[in-house]
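A quick write-up on the structure given underneath.
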Amino acid sequence: MIRVNPAMLLIPLLVLALLAGCARLSGSGAEPGAGSGSPTVESPTPIYADTPVTNQTPLPPTQTPATDEKNLSRGEVFVRSTDLLIMESYPLQVALIVKGELPTPCHRLKAEVEQPDAQNRIQVRLYSLYDPAEICIQMLQSFEERISLGSYADGSYTVYLNGEKVGEFTQ
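The opening residue of the sequence shown carries number 0 in numbering that gives the first Met the number 0; numbering runs sequentially from there.
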């Protein structure tokens, strides 16, 4: 006579009970929409552009031309770190590496580098431009920018970013 452990009989029964509980009831009407074929999904409302886009219509430029900058507002830039990159060349070429965040993804980074003054100070202005009429998600946008400062004659120079000293170099 074969002796069967009662615990061994319970395991398959438990598995069957779990599978039956997880199975979808089709056609019984126990669930809303059950047995009606595919579920009903509301289609989203289509968004129409002001002008239709065809193969003949060029895509709008991703960057606003400089002539349109007069319609843009200046915004701030959050600078996290700066590094001076000095390239071994003659004449000496210098770049400023800036890492930080823009207030939103719609802000565009803009840099202006001035020629050295009488004390060999190089002023760099870093700011953002944005369209105040544009609706934009409110989140910081990280950036890393390499700003070429140019090449310089012999001498010692000090670099300032938005009025703060960021480094020095000697030619």
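Backbone N, C-alpha and C fix where the C-beta goes; we use that ideal spot for every residue, glycine too. Given the structure is predicted, the values throughout are model-derived calculations rather than measurements.
{"Item": "Do the CB positions of G99 and F168 come within less than 9 angstroms of each other?", "Value": "no"}
{"Item": "From what residue to what residue does the beta strand (DSSP E) around E111 run?", "Value": "107-112"}
{"Item": "Using only the alpha-carbon positions, how far apart do I256 and T103 sit?", "Value": "Missing from the structure shown is residue 256; the chain here goes from 0 to 170 and no further."}
{"Item": "Ordered along the chain, which non-local residues of its own chain (more than five positions away) have a Cβ less than 7 angstroms from that of K164?", "Value": "T157"}
{"Item": "Give the single residue among E111, I146, L101 whose Cα lies nearest to the Cα of Y129.", "Value": "L101"}
{"Item": "Quick one, are the C-beta atoms of L95 and Y151 less than 9 angstroms apart?", "Value": "no"}
{"Item": "By the 10 Å Cβ neighbour count, where 16 or more other Cβ atoms means buried, how is V14 classified, buried or exposed?", "Value": "exposed"}
{"Item": "Could you give the C-beta distance for S127 and L108, rounded to a whole number, given that I count them as a contact under 8 angstroms?", "Value": "6 angstroms"}
{"Item": "For I146, count neighbouring C-beta atoms within 10 Å of its own C-beta (all shown protein chains included) and say buried if the count is 16 or more, exposed if not.", "Value": "buried"}
{"Item": "Drop a sphere of 10 angstroms on the beta-carbon of L160, count the other beta-carbons inside from all chains shown, and report buried for 16 or more, exposed for fewer.", "Value": "buried"}
{"Item": "Helix, strand or coil, according to DSSP, for M7 in the structure here?", "Value": "helix"}
{"Item": "Since I believe I121 is in contact with E113 (beta carbons under 8 angstroms), could you give me their beta-carbon distance rounded to a whole number of angstroms?", "Value": "7 angstroms"}
{"Item": "Would you kindly check if the distance between the Cβ of L139 and the Cβ of F77 is under 9 angstroms?", "Value": "yes"}
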